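Position one of the sequence shown corresponds to residue 126 (the working numbering), numbered consecutively onward.
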Amino acid sequence: MATARRAGLMAGMTLLGALAACGSNPSVPLGPKPAEVLGRTVTLTPENAGTTVTLTMDQQLMVRLPEEPARNMRWERDNTSAYADRGVVSARSGDPGFERERIDTNTFGAAGFDVWVFRPKAAGQQTLRFEYRRAGQVGMAEQSVTYTVTVK
């Protein structure tokens, strides 16, 4: 009798395991997070690095990258020949702007975000690359992000 009870218990546990597996989501996407679209603004962050984003002529692209001024680190747009302006999108003058992480702080060196805003100029494709490094440093960047922008 104990054997029959044990067999019934094992069958029940197997069924529960199978049902639990059905509820899991094995198709969780791997790779970069998709761009966030709010209204006519498409926003990219480091989590979106490596993605291709498509804009229409009435949209704008915002690239928002975290910065730590206290470490004297900043993001710079890579304008070398591979990433130079292709006439597809153009940055707003004065970019990058800086946004504090917390609006209620005005502490010198407080963390925040470097923000670039791009507007479509013509249909086509352009790659944007940004590098995170110590201000004035040349050579290898501590981090870099690349986005491909297609304008239709």
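Just so you know, even glycine gets a beta-carbon here, dropped at the ideal spot from N, CA and C.
Small disclaimer: the values here were computed from a predicted structure and weren't measured.
Return the residue from the list the options that minimises the CA-CA distance to residue i.
{"i": "glutamate 224", "options": "Lys277, Val263, Pro194", "result": "Pro194"}
{"i": "arginine 189", "options": "Tyr208, Ala209, Trp200", "result": "Trp200"}
{"i": "proline 191", "options": "Gly175, Pro171, Thr177, Ala209", "result": "Pro171"}
{"i": "valine 276", "options": "Ser215, Arg254, Pro221, Val270", "result": "Ser215"}
{"i": "methionine 187", "options": "Glu226, Lys246, Asp239", "result": "Asp239"}
{"i": "arginine 244", "options": "Arg217, Val263, Ala209", "result": "Arg217"}
Rounded to whole angstroms, what's the CA-CA distance from residue i to residue j? Just pull it up for me.
{"i": "threonine 205", "j": "threonine 252", "result": "11 Å"}
{"i": "arginine 165", "j": "asparagine 197", "result": "33 Å"}
{"i": "leucine 180", "j": "arginine 211", "result": "15 Å"}
{"i": "alanine 260", "j": "valine 242", "result": "21 Å"}
{"i": "arginine 258", "j": "alanine 174", "result": "17 Å"}
{"i": "valine 270", "j": "arginine 254", "result": "6 Å"}
{"i": "glutamine 184", "j": "methionine 265", "result": "33 Å"}
{"i": "threonine 168", "j": "threonine 177", "result": "12 Å"}
{"i": "alanine 160", "j": "threonine 273", "result": "12 Å"}
{"i": "alanine 235", "j": "glycine 222", "result": "15 Å"}
Which partner residues of residue i appear in the DSSP bridge assignment?
{"i": "glutamate 192", "result": "Gly237"}
Would you mind giving the Cβ-Cβ distance between residue i and residue j, rounded to the nearest angstrom? I have them listed as a contact below 8 Å.
{"i": "glutamate 256", "j": "aspartate 203", "result": "6 Å"}
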